[in-house]
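Chemist: Just dropping this structure here.
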């Protein structure tokens, strides 16, 4: 017979953040203290790890001596009413240079501290992260843990690896319903997450066409229907 065939997937959608941010060290050094445990809840600004700062502390101390020296010289010149203007300007310039060098070293101290960028939960599920402990030598850029930004939630369909949708790709239309609300959306990203031995999953990120979507984060289920294809006037056997 002649008819219409279509392929659709029906699944529950939810608001989640499929994107994880890697929290890394900003300097080379030895771990002085560590406060990053898998599953731990943290607040923005909480210290996750601190590196030994003996080397930079020594540099700061030496720079402080240089700064104090040029400040004393400037103060001595200023106390002389007959001081040469060029000599005074040169001394003031020296103070600015040494002050900038001192401030720069002070700001580097923050690179020896790893802080939580926002409120959330720490995830340390990779082998390299598990090996980091007090006394470990780490390099700049080395990963400590991962976190999700709770303010970057997206509407997603989460499917375990062995249940992956076939033929679903970017730009496909999605019909979204929540109670009496029905809206249209599109697949705008597909994120694969390797959970190691626990699980692996695909996150199909859906962007509603209505920028001021009425779909809410409430307990009401959001049903999503992905329209993979629809073909009319085909021979059906």
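In my numbering, the protein residues as written are 4 to 240.
Using N, Cα and C, we set each Cβ at its ideal position, and we do this for glycine too.
1. Since residue 68 is in the beta strand (DSSP E), which residue starts that stretch and which ends it?
2. In terms of residue numbering, what span does the beta strand (DSSP E) encompassing residue 181 cover?
3. The beta strand (DSSP E) that contains residue 233, what's its start and end?
4. Starting from residue 103, trace the alpha helix (DSSP H) both ways and give me its first and last residue.
5. Among 141, 56, 173, 34, which has the Cα closest to the Cα of residue 208?
6. Find the nearest neighbour of residue 187 within the set 38, 177, 107, judged by alpha-carbon distance.
7. Beta carbon of residue 127, beta carbon of residue 28: below 9 Å?
8. Would you say the beta carbon of residue 79 is closer than 8 Å to some non-hydrogen atom of the ligand FMN?
9. Since residue 52 sits in a beta bridge, which residues does DSSP pair it with?
10. Is it the case that the Cβ atoms of residue 34 and residue 138 are separated by a distance below 9 Å?
11. Which residues bound the beta strand (DSSP E) around residue 188?
12. Does any C-beta atom of chain D lie closer than 9 Å to the C-beta of residue 204?
13. Residue 40 and residue 149 - do their beta-carbons sit closer together than 9 Å?
14. What are the residues that DSSP puts in a beta bridge with residue 204?
15. Which same chain residues end up closer than 6 Å to residue 214 when comparing Cβ atoms and leaving out the 5 residues on each side of it in sequence?
16. Can you tell which of 191, 220, 146 has its C-alpha closest to the C-alpha of residue 206?
17. Quick one: what does DSSP say residue 140 is sitting in, helix, strand or coil?
18. Have a look at 164, 22, 232, 17 and flag the residue whose alpha-carbon is nearest the alpha-carbon of residue 203.
19. Name the DSSP bridge partner or partners of residue 19?
20. Between which two residues does the beta strand (DSSP E) holding residue 291 run?
21. Please classify residue 144: is it buried, with 16 or more other beta-carbons within 10 angstroms of its beta-carbon, or exposed?
22. By how many angstroms is the C-alpha of residue 26 removed from the C-alpha of residue 185?
23. Run through the DSSP bridge pairs and tell me what residue 212 is partnered with.
Modeler: Well, looking at it:
1. Premise fails: residue 68 lies in the alpha helix (DSSP H), 57-82, not in any beta strand (DSSP E).
2. 176-181
3. 225-238
4. From DSSP, the alpha helix (DSSP H) with residue 103 extends over 88-111.
5. 173
6. The residue with the shortest Cα to Cα distance from residue 187 is 177.
7. It is not a contact, given that the beta carbons lie outside the stated cut-off.
8. You won't find the ligand FMN in this model; it holds no ligand whatsoever.
9. 37, 117
10. yes
11. 184-197
12. The structure shown has no chain D; it contains just one protein chain.
13. no
14. 163, 196
15. none
16. 191
17. strand
18. 164
19. 157
20. There is simply no residue 291 to check, as the chain begins at 4 and stops at 240 in what is shown.
21. exposed
22. 39 Å
23. Paired residue(s): none; residue 212 is not in a bridge.
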